[in-house]
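Below: one structure, written as structure tokens.
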Amino acid sequence: MAFIYLDKELLLKTNVEKCLEIKQLISQKFGLSSNEIYLEKDGRRLSADVNISGVAQCRVRVLGGKGGFGSMLRAIGAQIEKTTNREACRDLSGRRLRDINEEKRLKAVLEKMGDLERESQERKKRKIEKLLSVPKHDFKDEEYEDARAKLEDKVNSAVEEGLKKSEDKPGTSTESLKRKHTKSNVADPKRKKNALWIDDDLLNSDESSSDNSSDESTLQKVIAIKEVDEKSNKIKQNPGK
125 MAFIYLDKEL LLKTNVEKCL EIKQLISQKF GLSSNEIYLE KDGRRLSADV NISGVAQCRV
185 RVLGGKGGFG SMLRAIGAQI EKTTNREACR DLSGRRLRDI NEEKRLKAVL EKMGDLERES
245 QERKKRKIEK LLSVPKHDFK DEEYEDARAK LEDKVNSAVE EGLKKSEDKP GTSTESLKRK
305 HTKSNVADPK RKKNALWIDD DLLNSDESSS DNSSDESTLQ KVIAIKEVDE KSNKIKQNPG
365 K
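Going by our numbering, the first residue of the sequence shown is number 125, and it counts up by one from there.
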């Protein structure tokens, strides 16, 4: 016995087993053509010469239009943007790709920070070493070095020639130089005394005053001598008094 269903509704219950005969019964009962329907069992389409026993499904064919539906689907698919955001997807272990990518990003940031800290410490160290180190001046000029060497040679030769000439001249010994030096030292104080800032009038007045004082002193001495002589003469004339 065969049971024919349309989805969940029982259409036909019959003892006929041939698929072609069952299709003819359904078309007579519902007024459909045998070409508009087909039978399925367990998801497989049954051919006309197959015997049916048990439950089967009746499917109605839907006639298509003039075509163009595929081109419409292709046009709509082109308009739909393909997504590139797969952060919500999961890997085989069940973890979100968002969490995995965030973990990778944090690791990269931490490594970069460590590298930056090491670079900053190295820069500070190099700066301190540069400040503590003594600057090295490297001056290289071949022309300057040659001119300097020639100048030293010229100076040395000139000094030697001067010494030779001084030795060859008479009266230029060290003793004569010492004598001249001592004479100049002795003559200097007299010159310094005459070089005082005193006017000529003051000098003349001082000289005249000194002359007058000397004359007065000589007169007083003469007067005193005369008085002594007169007293001695009086004593000689009057011895009793």
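We put the beta carbon where it would ideally sit given N, CA and C, even for glycine. Predicted model, so just to flag it, every value in this text is computed and none were measured.
Would A180 be called buried (16 or more neighbouring beta carbons within 10 Å of its own) or exposed?
Along the sequence shown, read from residue 1 onward, the residue named residue 180 stands at position 56. A180 should be labelled buried.
Taking all protein chains shown into account, do 16 or more other C-beta atoms lie within 10 angstroms of the C-beta of D330, making it buried, or fewer, making it exposed?
Counted from its first residue, the sequence shown places residue 330 at position 206. Only weak support exists for where D330 lies, its pLDDT of 49 falling under 50; the value from the coordinates is given anyway. When all chains shown are included, D330 counts as exposed.
Report the rounded CA-to-CA distance for N139 versus L187, giving the unit in angstroms.
Translated into positions along the sequence shown, residue 139 becomes position 15. Translated into positions along the sequence shown, residue 187 becomes position 63. Cα to Cα, the separation comes out at about 31 Å.
Going by Cα to Cα distance, which pick from I146, E285, S290 and L156 is closest to L170?
Indexing the sequence shown from 1 puts residue 170 at position 46. For the residues I146, E285, S290 and L156, the minimum Cα distance to L170 belongs to I146.
So, under 8 Å CB-CB, L130 and K153 are touching, yes? Tell me the CB distance rounded to an integer number of Å.
Here residue 130 corresponds to residue number 6 of the sequence shown, with the count starting at 1. Here residue 153 corresponds to residue number 29 of the sequence shown, with the count starting at 1. In fact, because the Cβ distance is near 12 Å, the residues do not count as touching under 8 Å.
Any idea which residues DSSP pairs E133 with across the strands?
Mapped onto the sequence shown, residue 133 falls at position 9. L130.
When the distance is taken between beta carbons, is V174 closer than 8 Å to C143?
As a position in the sequence shown, residue 143 is number 19, starting the count at 1. As a position in the sequence shown, residue 174 is number 50, starting the count at 1. Cβ distance < 8 Å, so C143 and V174 count as in contact.
How would you write the range of the beta strand (DSSP E) that V179 sits in, first residue to last?
Indexing the sequence shown from 1 puts residue 179 at position 55. Per DSSP, V179 belongs to the beta strand (DSSP E) from G178 to V184.
Roughly how many whole angstroms lie between the Cα atoms of E291 and L255?
Locating residue 291 in the sequence shown gives position 167, where the first residue counts as 1. Locating residue 255 in the sequence shown gives position 131, where the first residue counts as 1. Spanning the two alpha carbons is a distance of roughly 56 Å.
Measuring alpha carbon to alpha carbon, tell me which residue in A126, Y268 and K249 is nearest K165.
The count along the sequence shown starts at 1 and reaches residue 165 at position 41. Ranking A126, Y268 and K249 by Cα distance to K165 puts A126 first.
So, with DSSP's three-state summary, where would you put R250?
Against the sequence shown, residue 250 aligns to sequence position 126. R250 falls in the helix class under three-state DSSP.
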